[in-house]
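Asks: Numbering (mature numbering (1 follows the signal peptide of the UniProt record, and there is no 0)), first residue to last: -20 to -1, 1 to 128.
Where is the CB? At the ideal position from N, CA and C, for every residue including glycine.
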């Protein structure tokens, strides 16, 4: 399935805005229920229910019958969401939304460089150029600047 570049860029931008909106809401939920873990559980439970309902209504659950055997790492993708959620819920009240997301983006880029470098999780290995490393350093510089 392929989508136009402009549509993909718009969806990605919208996803970023959604994460920025979600962060302070979940941080406030964590304060209200006195537990970041409970807040994460509530948030992920609602997300899970929405995804189950959408999958059932769309009929896409039928696609499982023709699925090929899955490699081990395809089962663990969902484990990283709660780590992200807890990190954000803990960080937003202390360092703010901008600094939290600056760190999130810096961490994403650092992880992406390593994944590209070694070709992890079925991706093609890509050399790490000086320009790519410099872009990551600029993001880390942004993290420092976001604290002022």
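What is the DSSP secondary structure of residue 15, reduced to helix, strand or coil?
Replies: coil
Asks: Let me confirm a value: residue 1 is counted as buried when at least 16 other C-beta atoms fall within 10 Å, else exposed. Which label applies?
Replies: exposed
Asks: Would you mind sorting residue 162 into buried or exposed? The rule is 16 or more other CB atoms within 10 Å of its CB.
Replies: With the chain covering only -20 through 128, there is no way to say anything about residue 162.
Asks: Nearest to residue 71 by CA position, among 7, 123, 107, is which residue?
Replies: Per the Cα distances, 7.
Asks: Tell me whether residue 108 sits in a helix, a strand or coil according to DSSP, three-state version.
Replies: coil
Asks: Tell me where the alpha helix (DSSP H) around residue 80 begins and ends.
Replies: In the DSSP annotation of this structure, the continuous segment of the alpha helix (DSSP H) that includes residue 80 starts and ends at 60 to 98.
Asks: By a C-beta neighbour count over all protein chains shown, 10 Å radius and 16 as the cutoff for buried, is residue 91 buried or exposed?
Replies: Classification for residue 91: exposed.
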